[in-house]
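Asks: Numbering (UniProt numbering), first residue to last: 1 to 108.
Note that CB positions come from ideal geometry on N, CA and C, so glycine has one too.
1) For the candidate residues 30, 38 and 84, whose alpha-carbon lies nearest to that of residue 63?
2) Which one or two residues does DSSP pair with residue 85 in a beta bridge?
3) Once DSSP output is grouped into helix, strand and coil, what is the label at residue 22?
4) Can you list the alpha helix (DSSP H) stretches of 4 or more residues lying completely in the region 46 to 91, in chain order?
5) From this set, 82, 28, 65 and 81, which residue's C-alpha is nearest residue 74's C-alpha?
Take a look at the structure:
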């Protein structure tokens with residue numbers, strides 16, 4: 001159980017898998033090591049849109065899932081936000097306004 005203000009793991013060995021796209025990465029994957037081996041840490045980082053689920057965000061999320069889906073070393077995935085006071089705003093409605101119905105269906 002996690003408690004606010006409590007420092008759960010002061011020293012973590014982390015292997016990072018980062019997207020190398022030209023755009024800023026909105027989603028990061030970290031593989032924890034040492035005694036925390038087997039934990040994949042998914043981090044949402046899109047503060048300007050309160051982690052809204054847009055095209056790039058969903059593409060990076062799917063890429064992250066593909067990285068760990070069949071990895072026998074991964075036992076658990078933790079999904080977190082680094083945007084203060086925000087987990088996820090849901091669909092990016094501003095982006096969806098300019099999409100056709102097939103485009104909307106594609107990112108569901």
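Replies: With the given structure in hand:
1) As a first step, residue 63 must be located in the chain shown, where it is residue number 63. Nearest C-alpha to residue 63 among 30, 38 and 84: 30.
2) Mapped onto the chain shown, residue 85 falls at position 85. Beta-bridge partners assigned by DSSP to residue 85: none are found.
3) Along the chain shown, read from residue 1 onward, the residue named residue 22 stands at position 22. Summary for residue 22: the model assigns pLDDT 42, below 50, so the residue's position carries little reliability, and this model does not support an answer.
4) The alpha helix (DSSP H) runs lying completely inside the region 46 to 91 and spanning 4 residues or more are 55 to 68, given in chain order.
5) The sequence position of residue 74 within the chain shown is 74, counting from 1. Ranked by how close their Cα comes to the Cα of residue 74, the residues 82, 28, 65 and 81 have 65 in first place.
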